[in-house]
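Trainee:
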Amino acid sequence: MTDRLLEAARAKQEVRERMWSLLEQEGVARFPGARGRIPNFAGAEAAAERLAGLPEWRRAAVIKANPDAPQLSVRARARALEDGKRLCMAVPRLRAENPFLRIDPDRLSRPSRRAASIKGAAKSGRPVAVGDMEPIDMVVCGSVAVGRNGVRVGKGGGCSDLELGLLAEAGLVHQETVFITTVHPLQVLEEELPETGHDFRVHRIVTPQDVIRTGARRSPAGILWDHLDEEKIAAVPALAGLAEQRLS
1 MTDRLLEAAR AKQEVRERMW SLLEQEGVAR FPGARGRIPN FAGAEAAAER LAGLPEWRRA
61 AVIKANPDAP QLSVRARARA LEDGKRLCMA VPRLRAENPF LRIDPDRLSR PSRRAASIKG
121 AAKSGRPVAV GDMEPIDMVV CGSVAVGRNG VRVGKGGGCS DLELGLLAEA GLVHQETVFI
181 TTVHPLQVLE EELPETGHDF RVHRIVTPQD VIRTGARRSP AGILWDHLDE EKIAAVPALA
241 GLAEQRLS
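1 is the number of the first residue of the sequence shown in this note's numbering; add one for each residue after it.
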């Protein structure tokens with residue numbers, strides 16, 4: 001990892017620690033707590049309702065969502081299933097040959113809220129390879145913090161960036177894909193947040209009370225191989241397969 005990436009990583013962790021402490025102090029971080037994760041914030045359901053009222057949501061047929069607790073209402077009541085939309089989620093840490101799950105509301109055998117949970121998605125979803133995915137109309141992600149310009153800080157580990165990098169590499173997320181995060185108002189910061197080349201920006205920030213249009217134009221760049229070490233590549237079968245193709 002280069003000095004620049006190390007510096008950005010340290011700056012991001014400082015933002016995370018500060019935000020986790022703030023959410024805990026203000027009493028808006030629900031079970032299981034904020035620290036070390038995408039915070040399950042008070043008002044997450046109301047943010048999902050506000051998101052579901054956006055014209056971008058109504059137009060979207062295929063939605064990719066993260067598996068974290070504060071976005072459960074986005075995935076379930078949120079409609080990704082109750083509004084008849086096809087939902088895609090990543091396998092945890094992309095550790096499978098088929099690294100994504102596709103959940104079709106027409107084929108559910110369990111209530112949508114259960115199907116959209118992490119365990120429920122594993123049972124209700126169909127594992128698919130990147131090449132078998134549909135183009136994504138909307139990406140809904142969680143954040144630890146987000147700036148008004150669309151720069152976000154996740155929980156660390158880089159899984160969201162890798163997921164979207166794989167999809168961008170395959171042409172499945174593109175200039176027309178809308179990126180949205182749902183957060184508590186305290187998570188929306190006025191400051192400039194640290195950002196690297198593999199990070200993506202969000203076009204909309206949705207809180208229980210508001211929708212912020214960021215003006216962001218930056219889409220995922222695909223896989224930036226110089227940002228990855230051999231251990232990370234080997235741990236993700238889809239990445240390892242792409243790496244072999246590059247060498248052949």
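Backbone N, C-alpha and C fix where the C-beta goes; we use that ideal spot for every residue, glycine too.
Can you tell me which of A90, M138, F100 puts its alpha carbon nearest to the alpha carbon of V128?
Mentor: Measuring from the Cα of V128, the nearest candidate turns out to be F100.
Trainee: Are the segment 50 to 65 and the segment 203 to 212 in contact at 8 Å, needing three or more beta carbon pairs?
Mentor: Cβ pair count under 8 Å is three or more, so yes.
Trainee: Any idea what DSSP makes of V74, helix, strand or coil?
Mentor: Helix, per DSSP.
Trainee: What's the gap between the Cα of L87 and the Cα of M138?
Mentor: Approximately 10 Å between the Cα atoms of the pair.
Trainee: To which residues of the same chain is R102 closer than 7 Å at the C-beta, ignoring the five residues directly before and after it?
Mentor: These residues qualify, in order along the chain: R86, C88, G125, R126, V128.
Trainee: Residues in its own chain within less than 7 Å of Q71 by CB, not counting five upstream and five downstream?
Mentor: Excluding residues within five positions, the ones whose Cβ falls inside 7 Å are A65, V140, G142, T182.
Trainee: According to DSSP, is M19 helix, strand or coil?
Mentor: Helix, per DSSP.
Trainee: How is R30 classed by DSSP in three states: helix, strand or coil?
Mentor: Residue state, collapsed to three classes: coil.
Trainee: Give the DSSP-derived three-state secondary structure of I63 in the structure shown.
Mentor: Three-state result, I63: strand.
Trainee: Cβ atoms of V153 and L193: under 8 Å apart, would you say?
Mentor: Taking 8 Å as the Cβ cut-off, L193 and V153 qualify as a contacting pair.
Trainee: Which residues bound the beta strand (DSSP E) around R246?
Mentor: Here R246 belongs to no beta strand (DSSP E); instead the alpha helix (DSSP H) covers 237 to 247.
Trainee: Less than 8 Å between the beta carbons of L22 and L242, yes or no?
Mentor: Going by C-beta atoms, L22 is not nearer than 8 Å to L242.
Trainee: Buried or exposed: which applies to W20, given that a residue is buried once 16 or more other Cβ atoms fall within 10 Å of its Cβ?
Mentor: By the neighbour-count rule (16 or more Cβ atoms within 10 Å), W20 is buried.
Trainee: Using CA coordinates, which residue listed in P39, D132, R4, V188 is at the minimum distance from N98?
Mentor: For N98, the nearest C-alpha among the options comes from D132.
Trainee: Looking only at its chain, what residues have a beta carbon closer than 8 Å to the beta carbon of L228, apart from the 5 residues adjacent to it on each side?
Mentor: Answer for L228: L239, listed in chain order.
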